[in-house]
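At position 279 of the sequence shown the residue is numbered 279 (full-length UniProt numbering), and the sequence of numbers has no breaks.
In what follows, a structure is listed as structure tokens, so that the remarks can point back to it.
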Amino acid sequence: MSPSFTAVRRVLNTTAYLSPRLLGGHVWRLFCEPVARDKVRDAQRPVHDQAVVENITVNGKKVVTYRWGEGGNPVLLIHGFGGRAANFAGFVHGLQRLGVPALSYDAFGHGDSEGRGVTILDHLAVLRQLQDEHGPFRAVIGHSFGGTTGYLALRRGIKADRLVSIASVGEFASLPSTFCRQLGLRPVYARELRRRTEQLFASEPDLWNAFSPVHRPEEIEQPVLVVHDRDDREVSVEQGRRIAAAYGDRAEFLETEGLGHRRILGDRTVITKVLAFAVGDGATPDE
1 MSPSFTAVRR
11 VLNTTAYLSP
21 RLLGGHVWRL
31 FCEPVARDKV
41 RDAQRPVHDQ
51 AVVENITVNG
61 KKVVTYRWGE
71 GGNPVLLIHG
81 FGGRAANFAG
91 FVHGLQRLGV
101 PALSYDAFGH
111 GDSEGRGVTI
121 LDHLAVLRQL
131 QDEHGPFRAV
141 IGHSFGGTTG
151 YLALRRGIKA
161 DRLVSIASVG
171 EFASLPSTFC
181 RQLGLRPVYA
191 RELRRRTEQL
201 FASEPDLWNA
211 FSPVHRPEEI
221 EQPVLVVHDR
231 DDREVSVEQG
241 RRIAAAYGDR
251 AEFLETEGLG
261 HRRILGDRTV
271 ITKVLAFAVG
281 DGATPDE
């Protein structure tokens with residue numbers, strides 16, 4: 001953690017004794033907006049540069065989309081908070097070897113898209129437009145917040161044959177407290193984040209359950225693969241276990257070790273198993 005953020009944290013925690021609302025807006029922006037935009041890494045560049053890049057407009061903002069391959073229903077890839085489409089380079093490469101088209105995008109405030117922050121309903125608005133143009137999907141694969149979004153998307157009309165979530169939160173209500181714990185902020189800020197979230201989604205009844213993957217699993221009939229690393233320090237593996245348990249016989253659970261929250265996307269074994277599930281015919285990409 002940078003010295004500058006350590007100083008900010010000290011100010012926030014000191015102010016919390018007086019009024020969490022006084023600086024709650026600063027915490028809220030940290031909660032909703034990436035501190036910095038993720039850049040395309042050298043290892044991701046070849047796949048990134050092969051994409052057909054297009055711009056769509058969603059809620060008045062430009063969203064950059066990426067498409068690889070033609071013919072058939074694509075596999076849709078949803079990145080996590082602070083990420084971008086290029087994070088799935090290993091998966092896209094594997095899908096190319098299998099001859100399966102892939103589709104992804106940079107969310108609001110991420111990658112090359114416009115905006116500052118993103119909500120789960122912003123993601124859903126993008127997905128609906130992508131479905132109109134490219135759906136239905138062979139599978140949806142989401143990482144972290146993208147995986148959490150995937151469950152809501154299928155419950156709200158996005159058509160896909162299969163769903164994969166990687167390192168995702170199963171209980172939406174855990175997000176504020178998890179966020180504050182990671183940043184070393186006092187619990188009072190978690191309550192402030194809950195208040196602001198409920199204010200933002202005032203039109204959503206029972207939002208903490210409605211946005212949770214473990215909520216009403218019977219509404220998702222598709223097979224589900226849940227992937228989580230037991231050494232994930234951002235989202236506890238217990239969240240993945242709870243998702244898998246909620247879906248019972250419809251779910252497969254892959255628990256890894258030593259990969260953490262982000263490196264799991266580059267692991268060859270994970271990529272192979274995820275794509276074998278997503279493509280649905282047991283095929284695996286050639287090395």
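Just so you know, even glycine gets a beta-carbon here, dropped at the ideal spot from N, CA and C.
Item                                                                                                             : Value
Buried versus exposed call for E192 [16 or more other C-beta atoms within 10 Å across all chains shown]          : buried
As assigned by DSSP and simplified to three states, the class of T272                                            : helix
Cα-Cα separation, P101 to Y66                                                                                    : 11 angstroms
Cβ shell of V92 (< 6 angstroms), same chain only, five flanking positions each side left out                     : V47, W68 and A102
Nearest candidate by alpha-carbon position, reference I141, set Q50, A167 and P285                               : A167
Sequence ranges, alpha helix (DSSP H) only - wholly within the segment 16 to 99, length at least 4               : 24 to 32, 45 to 50 and 89 to 98
Alpha-carbon spacing of L207 relative to Q239, whole angstroms                                                   : 18 angstroms
Residues bridged to S104 [DSSP beta-bridge criterion]                                                            : Y66 and L77
C-beta contact flag for L259 and D229 at 8 angstroms                                                             : yes
Straight-line Cα distance separating Y151 from V273                                                              : One detail in the question is off: residue 273 reads as Lys in this sequence, not Val. One C-alpha to the other measures close to 20 angstroms.
Inter-residue Cα distance where the pair is V279 and S165                                                        : 15 angstroms
Where E219 sits in the DSSP three-state scheme                                                                   : helix
Beta-carbon proximity list for F201, same chain, < 6 angstroms, skipping 5 on both sides                         : L207
Between the CA atoms of T256 and D112 - distance to the nearest angstrom                                         : 31 angstroms
As assigned by DSSP and simplified to three states, the class of H261                                            : coil
Cβ neighbours of K62 in the same chain (closer than 7 angstroms, five flanking residues each side left out)      : N55, S113 and E114
Under the three-state DSSP convention, the category A167 falls into                                              : coil
G117 in three-state terms, based on DSSP                                                                         : coil
Supposed close pair N73, R138 - CB separation, criterion 8 angstroms                                             : 4 angstroms
Ordered list of alpha helix (DSSP H) runs contained in the segment 176 to 242, each at least 4 residues          : 187 to 200 and 207 to 210
Segment contact flag, the segment 246 to 256 with the segment 179 to 199, C-beta cutoff 8 angstroms, min 3 pairs : no
E252 vs Q182 beta-carbon contact at 8 angstroms                                                                  : no
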